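Student: For what it's worth, this note's numbering labels the leading residue of the sequence shown as 7, then goes sequentially.
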Amino acid sequence: MLLSIVESLLLAASLCADCFAVSTCSSVTLKGISRRKILPIAFVFGVVQTALMALGWLFGDIFVGHIHKVASLIGFLLLLYVGGSMILGAVKNEDESRDLNGLKNVIIGAVATSIDAFTVGISLSMGLVPTGKMMMNLAAVFIVTMLSVIGGMFGGQRIGCRFGRPAELIGGSVLILIGLNILLGFI
Numbered sequence: 007m008l009l010s011i012v013e014s015l016l017l018a019a020s021l022c023a024d025c026f027a028v029s030t031c032s033s034v035t036l037k038g039i040s041r042r043k044i045l046p047i048a049f050v051f052g053v054v055q056t057a058l059m060a061l062g063w064l065f066g067d068i069f070v071g072h073i074h075k076v077a078s079l080i081g082f083l084l085l086l087y088v089g090g091s092m093i094l095g096a097v098k099n100e101d102e103s104r105d106l107n108g109l110k111n112v113i114i115g116a117v118a119t120s121i122d123a124f125t126v127g128i129s130l131s132m133g134l135v136p137t138g139k140m141m142m143n144l145a146a147v148f149i150v151t152m153l154s155v156i157g158g159m160f161g162g163q164r165i166g167c168r169f170g171r172p173a174e175l176i177g178g179s180v181l182i183l184i185g186l187n188i189l190l191g192f193i
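1) Can you round the beta-carbon distance between residue 88 and residue 190 to whole angstroms, since I take them to be within the 8 Å contact cut?
2) Drop a sphere of 10 angstroms on the beta-carbon of residue 137, count the other beta-carbons inside from all chains shown, and report buried for 16 or more, exposed for fewer.
3) Using a Cβ-Cβ distance cut-off of 8 Å, determine whether residue 46 contacts chain B.
4) Take residue 122 and list the residues in its own chain whose beta-carbon comes closer than 6 Å to its own, dropping the five residues that flank it on each side.
5) Under DSSP, the alpha helix (DSSP H) around residue 127 begins and ends at which residues?
6) Going by CA-CA distance only, name the one from 133, 14, 53, 11 that's closest to residue 85.
7) Using CA atoms only, rank isn't needed, just tell me which of 97, 10, 119, 124 is closest to residue 81.
8) Check residue 111 in the structure and name its three-state DSSP category.
9) Tell me whether residue 58 is buried or exposed, calling it buried when 16 or more other Cβ atoms sit within 10 Å of its Cβ.
10) Could you tell me whether the region 140 to 148 touches the region 37 to 47, using the rule of 3 or more Cβ pairs below 8 Å?
11) Using a 10 Å radius around the Cβ and a threshold of 16 neighbouring Cβ atoms, would you call residue 11 buried or exposed?
12) Using the Cβ count rule (16 or more neighbours within 10 Å means buried), how would you classify residue 68?
13) Our contact map puts residue 55 next to residue 25 with C-beta atoms below 8 Å; I'd like the distance itself, whole angstroms only.
14) Taking its Cβ as the centre, do 16 or more other Cβ atoms sit within 10 Å of residue 108, making it buried, or is it exposed?
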């Protein structure tokens, strides 16, 4: 059980690396964002990240029966792609700041940073993650995403964008390791 919790937290932490980077860098440009705006922003990011991961898992679950023989390989390849993209983005020093003023911009930022959660959801269904474990993953993703956005928004003005890139490097590496775990669990 403890290992499952640790795995869920590692998955959640790797998925929210983009959210942390965006919230940290955006808070630098949002000079003086009020504390009462931070919690709703974090909530939107948490809901969108969790919903897209759940949708990916449900979508993948529909097709896993048809492609069962290669499902783990597909799951691994998707996680390799997402993790590799995160690492490449961090190495290329892509700008992570977004305008988070207004609900429309918050939703756009949340969706933009959560596309990988959809792909990871598909990958987890290909790895035949049971429903109970997936619920734990979804709860962890929601909580950790909210906490990372809150931390990024509060700390962003103090630390700037320095920690967004290392978080993406670590997050990408963890996703690749989860993909390997899915692949090796199938072999």
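The beta-carbon is built from N, C-alpha and C at its ideal position, and this holds for glycine as well.
Quantities reported herein were computed from a predicted structural model and do not represent experimental measurements.
Tutor: Taking the coordinates as given:
1) Taking the sequence shown and counting its residues from 1, one reaches residue 88 at position 82. Taking the sequence shown and counting its residues from 1, one reaches residue 190 at position 184. Wrong, their Cβ atoms sit about 18 Å apart, outside the cutoff.
2) As a working mapping, residue 137 is identified with position 131 in the sequence shown. Looking at its Cβ environment, which holds fewer than 16 other Cβ atoms inside 10 Å, residue 137 is exposed.
3) The displayed structure is made up of one protein chain only, and chain B is not part of it.
4) Sequence index remark: in the sequence shown, residue 122 carries index 116 (1-based). So the qualifying residues of the chain are 88.
5) Position 121 of the sequence shown, counting from 1, holds the residue named residue 127. For residue 127, the enclosing alpha helix (DSSP H) starts and ends at 121 to 132.
6) Residue numbering aside, residue 85 sits at position 79 when the sequence shown is read from its first letter. Checked all of 133, 14, 53, 11; the closest Cα to residue 85 is 133.
7) On the sequence shown, residue 81 is found 75 positions in, with the first residue counted as 1. Measuring from the Cα of residue 81, the nearest candidate turns out to be 124.
8) Within the sequence shown, numbered from 1, the residue matching residue 111 stands at position 105. It is helical.
9) Within the sequence shown, numbered from 1, the residue matching residue 58 stands at position 52. Buried, by the Cβ-count rule.
10) Contact fails: fewer than three Cβ-Cβ distances are below 8 Å.
11) Residue mapping note: residue 11 aligns to position 5 of the sequence shown, counting from 1. Residue 11 comes out exposed.
12) Here residue 68 corresponds to residue number 62 of the sequence shown, with the count starting at 1. Residue 68 is classed as exposed because its beta carbon has fewer than 16 other beta carbons within 10 Å across all chains shown.
13) As a first step, residue 55 is located in the sequence shown; it is residue number 49 there, counting from the start. As a first step, residue 25 is located in the sequence shown; it is residue number 19 there, counting from the start. The pair is a contact, with the Cβ atoms about 7 Å apart (cut-off 8 Å).
14) Numbered from its first residue, the sequence shown carries residue 108 at position 102. Classification of residue 108: exposed, given that the 10 Å Cβ count is below 16.
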